[in-house]
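Data first, discussion second: the structure below is written as structure tokens.
Residue numbers (the numbering used here): 10 to 277.
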């Protein structure tokens, strides 16, 4: 019975996290410049790297906020968990978000966007849920699912900004964040602690095509789909992207090197 109650509490915590599609960002704006003021009014700002939209700024701030709570979460897991897979995931979180945090600060300094210095109340609540875990087993499951849910929510937002932004700095940040978040999703799932049923129940429904494929008929085998091929026969030399988890960052340049011909912001 004790184990059953613990599982229910963990499931409720996961469900609460997954239903939080958006969260408010509260922090002060002392010495507002034109870009920061525009962030409050929803204006698009002209910069030397291209237009900076409210959506662009939102991603920049969310990347910063992710590091503010996921770095402490990673450090806590190294201290509290004896699971090799959880500790490996914690290592990825620390490496990945240390890198992304530096990139977000460099880009924010160039674009004049003020960043928060504390996690949101909701993010602090997630850290508190982890801290309140009574056993290591409960901790591992709560930790992995809260982090997996958070990464799953920001993943499509990154793709949307990467697709639509006209700002080269934000586009680069979205590319880097996409790589890091996918790595973290993969390594968190590798822990074996992720509750995929809860994630599926709380995910937005939809199909890959306008109408969606028909439901499969039991006992009926549909015709095999032919392989997708190019319309011509190009002489290609690249290889498919690897599926195995790899450390982050993967050889991408330091943030100071981004658009270095336009000047750099020195952030340590």
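The beta carbon of each residue, even a glycine, is placed where N, CA and C say it ideally should be.
None of these values were measured; they are calculated from a predicted model.
Runs of alpha helix (DSSP H) with 4 or more residues, each lying fully within the region 89-169, are found at 93-120 and 130-140, listed in chain order. In the three-state reduction of the DSSP assignment, residue 203 falls in the coil class. Burial state of residue 140 is exposed, judged by a 10 Å Cβ sphere holding fewer than 16 other Cβ atoms. Distance from the CA atom of residue 146 to the CA atom of residue 98, rounded to whole angstroms, is 16 Å. As a beta-bridge residue in DSSP terms, residue 54 pairs with 61. Within the model, the alpha-carbon separation for residue 169 versus residue 227 is close to 37 Å.
Secondary structure of residue 172 (DSSP, three-state): helix. Rounded to whole angstroms, residue 203 and residue 210 show a C-alpha spacing of 13 Å.
In this structure, residue 155 sits away from residue 133, with a CB-CB distance that is not shorter than 9 Å. DSSP places residue 227 in the coil class of the three-state scheme, outside both helix and strand. Ranked by how close their Cα comes to the Cα of residue 126, the residues 178, 175, 96 and 113 have 113 in first place. When secondary structure is reduced to three states using DSSP, residue 261 falls in the coil class, being assigned neither helix nor strand.
Distances from the CA of residue 163 to each of 179, 187, 152 and 150 were compared; the closest alpha carbon is that of 187. Nearest Cα to residue 77 within the set 131, 175, 166 and 121: 131. Taking all protein chains in view, the Cβ of residue 83 is crowded by 16 or more other Cβ atoms within 10 Å, so the residue is classified as buried. Residue 192 is classed as buried because its beta carbon has at least 16 other beta carbons within 10 Å across all chains shown.
Rounded to whole angstroms, the separation of the alpha carbons of residue 144 and residue 89 is 10 Å. The beta carbons of residue 69 and residue 120 sit closer together than 9 Å. Between residue 106 and residue 263, the alpha-carbon positions lie close to 14 Å from each other. With fewer than 16 other Cβ atoms inside 10 Å of its own Cβ, residue 244 counts as exposed. Just so you know, the alpha carbons of residue 81 and residue 261 end up roughly 24 Å apart.
Note that the C-beta distance between residue 62 and residue 174 is below 9 Å. About 5 Å separates the beta carbons of residue 176 and residue 65, which is inside the 8 Å limit, making them a contact pair. In the three-state reduction of the DSSP assignment, residue 211 falls in the coil class. In this structure, the CA atom of residue 235 is about 44 Å from the CA atom of residue 73. Contact annotation: residue 200 and residue 92 have beta-carbon atoms nearer than 9 Å.
Contact between residue 95 and residue 152 holds, with the beta-carbon distance rounding to 7 Å and staying under 8 Å.
Annotation for residue 192: the continuous alpha helix (DSSP H) segment containing it runs 177-198.
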